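What follows is one structure encoded as structure tokens, with my remarks underneath.
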Amino acid sequence: MTRRPAPRAASRFAALVIALALLSACASDTAPATVETVAAAPLRLSVRGEGELKSAKATPLNVPGRNWASRQVEWMLPEGSAVRKGDLIARFSAAQGQQELSQTLIDLQRNLLARAAKQGELATAQSKVAVDLAQVAVQLGIAERYASADLSTMARNEVLDAVQDASYLTAKRDTLEWQRGQAGVRGGAELAVLDAQRATFDLAAKARQSDLDALELRAPNDGVLMLSSNWSGDKPNVGATLRAGFDYGSLPDASAMELELSLPQIEAQGLQVGNAVEMFPVGRPEQRIVSRLSWVASAAKVRNQDSPVKYLTMKAPIPAEAIARYRLVPGQRLEARVILFDSPKALSVANVAIDSDAGKDYVRVREGGDFLRRPIRLGVRGPARSQVLSGLRDGDEVLLAEAGAIEAAANTAEPSAETDDPGQATPADGGKTTAAPAPAPQAVRP
78 MTRRPAPRAA
88 SRFAALVIAL
98 ALLSACASDT
108 APATVETVAA
118 APLRLSVRGE
128 GELKSAKATP
138 LNVPGRNWAS
148 RQVEWMLPEG
158 SAVRKGDLIA
168 RFSAAQGQQE
178 LSQTLIDLQR
188 NLLARAAKQG
198 ELATAQSKVA
208 VDLAQVAVQL
218 GIAERYASAD
228 LSTMARNEVL
238 DAVQDASYLT
248 AKRDTLEWQR
258 GQAGVRGGAE
268 LAVLDAQRAT
278 FDLAAKARQS
288 DLDALELRAP
298 NDGVLMLSSN
308 WSGDKPNVGA
318 TLRAGFDYGS
328 LPDASAMELE
338 LSLPQIEAQG
348 LQVGNAVEMF
358 PVGRPEQRIV
368 SRLSWVASAA
378 KVRNQDSPVK
388 YLTMKAPIPA
398 EAIARYRLVP
408 GQRLEARVIL
418 FDSPKALSVA
428 NVAIDSDAGK
438 DYVRVREGGD
448 FLRRPIRLGV
458 RGPARSQVLS
468 GLRDGDEVLL
478 AEAGAIEAAA
488 NTAEPSAETD
498 DPGQATPADG
508 GKTTAAPAPA
518 PQAVRP
């Protein structure tokens, strides 16, 4: 027979449980300050990214033709096709070029007709002047013959009609000779202009004909076809309009390749030539490749017009042994990790604890019951942690977040987490939630 507890004892026990629950709830309203204890430990700072394999020795392929003539892709090999020397890579059509050639040939025929007409006009003018000169010569001869004759034997009116003034005829002859010379000079200049136009039309016709003859792009050597992107990121395709001389693609040399990697500028601080790089093909982490950065761009650039984020480009050569072992090809994507710093023992601190002011860095270190601001000197800075050269020692407790800061941040983010799509509630930094210490007027330790 079981013995039931007295009703009064049961009520006291329930009240005690409720009181303890209320006390625990009140105590959990304010989360304690988050701190990190500094300790020398193995430190490896790195930046991760994804890049593309490119040939270090690639033969450029340009759209055939000259003078930026318009081309339309009629047929082409797909990107990644293996080609031999002399293989057809792409075939183009040039309807506009054919029309321009026809117009140039018409202009050339018009020029020939204009020259023939001009030569006829020049010959007619010179013939007319020659007739006038002959007539003046006859009249001048008559005038000179009768200049010393006895005019008393003939009627005066007959003499005046037959004999003209010798000085007038001489001046007329000089004028006609000048006209003949000017006609020759002017006609020669006009013919020279027509000849220059004909030479221009002839050169244009030959250039357009050569453009029409160059409508096929063939491989200059063996390789794998890689297409180039234009300023908008589009690659050549069937039906696309291209310009002669523009970049079409390349034939990379598969025996010498390098990884081209672009990282956000904010993560690529401190990168330099010589940094170690660990990489592997996407989805194949067991195919590990080790190299070093051989080139780093001098400035970060925006990759497209849709995003203002700037990226820093760098390159790392791929060992020939790795290319042969893993059968790597140009265009393949690789995951890479650039090692910024690697030491078996070093001091470090989380970036969230660092406060920069006037070019100096500070952290807040526990001193008794308070956290005092202390200057530190940093070395290599990584995406999440930074190397500490001086200012901290083993055992120091560094403030990461003020008391209640984490809970306040969680309460602030709670309404945004209640969305229809849970995948949209991820933070902007890729899922990493950090809380920066709130500034407070604390004494700076000398």
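Following the working numbering, the numbering of the sequence shown begins with 78 at its first residue and continues without gaps.
Positions of the beta carbon are idealized from the N, C-alpha and C atoms, including for glycine.
Note that the coordinates shown come from a computational prediction; the quantities given were computed from them, not determined experimentally.
Backbone CA spacing between lysine 437 and isoleucine 453 [nearest angstrom]:
8 Å
Starting from the C-beta of asparagine 298, find all residues in its chain whose C-beta is less than 7 Å away, skip the five residues before and the five after it, and write them out in chain order.
Thr136, Lys162, Leu328
For phenylalanine 323, which of helix, strand or coil comes out of DSSP?
coil
Tell me which residue opens and which closes the alpha helix (DSSP H) that isoleucine 400 is part of.
397-403
Three-state secondary structure assigned by DSSP to glutamate 254:
helix
If I'm right that arginine 257 touches valine 206 with Cβ under 8 Å, what's the distance once you round it to whole angstroms?
4 Å
Assigned secondary structure, aspartate 434 (DSSP; H/G/I helix, E/B strand, else coil)
strand
Is leucine 424 a contact residue of the ligand FAD, with contact defined as CB to any heavy atom under 8 Å?
Among the ligands in the structure shown, none appear at all, so the ligand FAD cannot be discussed.
Classify valine 475 as buried or exposed, calling it buried when 16 or more other Cβ atoms lie within 10 Å of its own Cβ.
buried
Measure the C-alpha to C-alpha separation of valine 150 and proline 119 and round it to an integer number of angstroms.
57 Å
Who does aspartate 471 pair with in a DSSP beta bridge?
DSSP, once it has assigned bridges, lists no residue as partnering aspartate 471.
Please report the straight-line C-alpha distance between glycine 26 and glutamate 267, rounded to a whole angstrom.
Since the displayed the chain opens at 78 and closes at 523, residue 26 lies outside it and no answer follows.
Do the CB positions of leucine 395 and leucine 348 come within less than 9 Å of each other?
A quick correction: the sequence has isoleucine, not leucine, at residue 395. Result no, Cβ atoms of isoleucine 395 and leucine 348 do not sit closer than 9 Å.
Does the contact criterion of 3 or more C-beta pairs under 8 Å hold for the stretch 153-172 versus the stretch 450-470?
no
Just to confirm, are phenylalanine 278 and threonine 181 a CB contact at a threshold of 9 Å?
yes
Span separating the alpha-carbon of arginine 369 from that of glycine 360
22 Å
When burial is assigned at 16 or more other CB atoms within 10 Å of the CB, is glutamate 254 buried or exposed?
exposed
Name, in chain order, the residues that DSSP records as bridge partners for lysine 387.
Val379
Under 7 Å Cβ to Cβ from lysine 387, same chain only, skipping five residues before and after it: list those, please.
Gln342, Ala377, Lys378, Val379
Whole angstroms is fine: what's the gap from alanine 515's alpha carbon to leucine 340's?
Residue placement at alanine 515 is flagged as unreliable, the pLDDT there being 37, under the threshold of 50; a coordinate-derived value is accordingly withheld.
Using a Cβ-Cβ cutoff of less than 7 Å, which residues in the same chain neighbour arginine 365 once the five nearest sequence positions on both sides are dropped?
Glu355, Phe357
What's the gap between the Cα of methionine 555 and the Cα of alanine 291?
Any question about residue 555 goes unanswered here, given that the chain covers just 78 to 523.
What does DSSP give as the partner residues of aspartate 447 in its beta bridges?
Glu444
Contact check, leucine 294 vs alanine 167 under 8 Å by CB: the rounded distance?
4 Å
Between Ala276, Pro385, Gln259, which lies nearest to glutamine 186 when the distance is taken from Cα to Cα?
Ala276
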